[in-house]
Amino acid sequence: MKAAKIMADLEKKYSQEKEYLQAVQEVLESIEEEYNKHPEFEKAKIVERIVIPERIFSFKVVWVDDKGEIQINNGYRVQFNSAIGPYKGGLRFHPSVNLSILKFLGFEQTFKNSLTTLPMGGGKGGSDFDPVGKSDNEVMRFCQAFMLELWRVIGKDTDIPAGDIGVGGREIGFMYGMYKKLAREYNTGVLTGKGQLWGGSLIRPEATGFGALYFTQHMLHKAGKDIKGLKVAISGFGNVAWGACTKATQLGAKVVAISGPDGVISIPEGMNQNMIDFMLDLRATNQNIVAPFAKKFPSESKFIAGKKAWSVKCDVALPCAYQNEVAEADAKELLKNGTWAVAEVSNMGCQPAAIEAFQKAKILFAPGKAVNAGGVATSGLEMTQNAEHISWTAKEVDDRLHSIMESIHNACVEYGTEKNGYINYVKGANIAGFMKVAHAMLDQGVI
Ligand code: 2IT
2 MKAAKIMADL EKKYSQEKEY LQAVQEVLES IEEEYNKHPE FEKAKIVERI
52 VIPERIFSFK VVWVDDKGEI QINNGYRVQF NSAIGPYKGG LRFHPSVNLS
102 ILKFLGFEQT FKNSLTTLPM GGGKGGSDFD PVGKSDNEVM RFCQAFMLEL
152 WRVIGKDTDI PAGDIGVGGR EIGFMYGMYK KLAREYNTGV LTGKGQLWGG
202 SLIRPEATGF GALYFTQHML HKAGKDIKGL KVAISGFGNV AWGACTKATQ
252 LGAKVVAISG PDGVISIPEG MNQNMIDFML DLRATNQNIV APFAKKFPSE
302 SKFIAGKKAW SVKCDVALPC AYQNEVAEAD AKELLKNGTW AVAEVSNMGC
352 QPAAIEAFQK AKILFAPGKA VNAGGVATSG LEMTQNAEHI SWTAKEVDDR
402 LHSIMESIHN ACVEYGTEKN GYINYVKGAN IAGFMKVAHA MLDQGVI
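So this is what it looks like as structure tokens:
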């Protein structure tokens, strides 16, 4: 396999799909050497096949807003790879959503799910619907209209969506209600991230953030360090950032920054529980701004308009917002301020030049598909509980999540340790995730 040749072909065909090409490029670069030790992969054209989604559904979503006006959105589901299990992955509602973004997310999801140790293939979907500023009733009508199309292509053993940016417990509730009405069966296994009264798993809302901190802890321990007392900067204030702030604080770290599209909140003494709770209120305002945080906690925090979390001095940086949120200039600012560990929690949160800067400086860096895999892993645990018609205690779920994150960390170390001892977590995660899917595809023949 020649990564450059495959990329050139994809670039010709999908020149508009920047995020998709970026995600594929990163994986191909990391696996090329290992892949070429397997002539059987080459013969079966595994890499040429793995980069293309198995199936894509694209549909129109029409709904009526509170003013009585008709609204039209695009809806999608990308069923990327089913070699190791049914398609599994979230739904994103955000105005930027298009096929490039969903193909990148579905591709990443395939390897992430493989890393979790659970039998889940990769998928992703969503819509360019913007939930910001919409009423509950508008969100409900949109979710119902979206499910009217989606329900035919999902199922507990075929494709199991969940949340992502813009899709949380409220949206999953509305979508599940509509699914149940259309399918006429109480099939809880068809969506994950459900409410705890009707089939949801304990710890699922916290799982992405908690898992990210468990991974970070293992990464720091491997380097002979501990998170206690460290300063942590976190971007975002959604569900993932909230879980990360909660666990970082529980582990004794100081969360000194959170941020939103409007700017950053600097919290010199670190977050306390009241502040963490207030993140949920902020999110519930549906305005996508963090400025009110500083009004609520004026003596302990400061709002700096237009700045990112990376302008606040920290030991550990945890991007928890959006793809490509860390640019090369941000990476340089972090390095200049003495940051020595970066765990990407958002999917593809760092631009390639930023990753290169971190690796060149030999600081600890781990990629999203390893760090944030606790979310989908706990979705997998929710599926197991649904299939068994039981629910586990929070401790049981949390213990399993912890051991899954440990095994993902171990896989990264096994496949990513370079001759000079530096652990290249990007390479480790990509090779470990890829190998399992590639072998499964080989076993299942040319399909
Ligand atoms: O990016 C992700 O892994 C998610 N949005 C969670 C997907 C899931 O199925 O729980």
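When you read off a place in the sequence shown, starting at 1, and then add 1, the result is the number in my numbering.
We put the beta carbon where it would ideally sit given N, CA and C, even for glycine.
Near MET280, which residues of its chain fall below 6 Å by C-beta distance, leaving aside the five closest residues on each side in sequence? PHE238, TRP243
Using three-state DSSP, classify ILE306 as helix, strand or coil. According to the sequence as given, residue 306 is Ala; it is not Ile. Reduced to three states, the DSSP call for ALA306 is strand.
When DSSP builds the beta bridges, which residues end up paired with GLN72? TRP64
Taking Cβ to Cβ, would you say PHE175 is nearer than 8 Å to VAL133? no
For a quick check, are the C-beta atoms of GLY196 and GLY164 less than 8 Å apart? no
If you draw a straight line from the alpha carbon of ALA441 to that of ALA45, how long is it in whole angstroms? 12 Å
Any heavy atom of the ligand 2IT inside 7 Å of the beta-carbon of SER136? no
Let me make sure I understand the geometry here. Which of GLU207, LEU151, ILE173 has the alpha-carbon closest to that of LEU183? LEU151
Is it buried or exposed for VAL291, if we count other Cβ within 10 angstroms and need 16 for buried? buried
Taking 7 Å as the cut-off, does the CB of GLN324 come closer than this to any heavy atom belonging to the ligand 2IT? no
In the DSSP assignment, find the alpha helix (DSSP H) that holds ASP227 and state where it starts and stops. First-last for ASP227: undefined, no H or E at that position.
With DSSP as the reference, identify every bridge partner of LEU103, one or two as the case may be. According to DSSP, LEU103 bridges with nothing at all.
Taking 8 Å as the threshold (C-beta atoms), are GLN23 and MET349 in contact? yes
In terms of alpha-carbon separation, which member of GLY190, ARG78, GLN251 lies closest to GLU207? GLN251
Segment limits, alpha helix (DSSP H) that includes TYR426: 426 to 444
Smallest Cα separation from LEU365: which of VAL65, TYR177, LEU319? LEU319
Who are CYS351's beta bridge partners in DSSP? VAL327
Is the CB-CB distance between ALA412 and ALA388 below 8 Å? no
Contact check, PHE359 vs ALA328 under 8 Å by CB: the rounded distance? So it is not a contact: roughly 12 Å between Cβ atoms.
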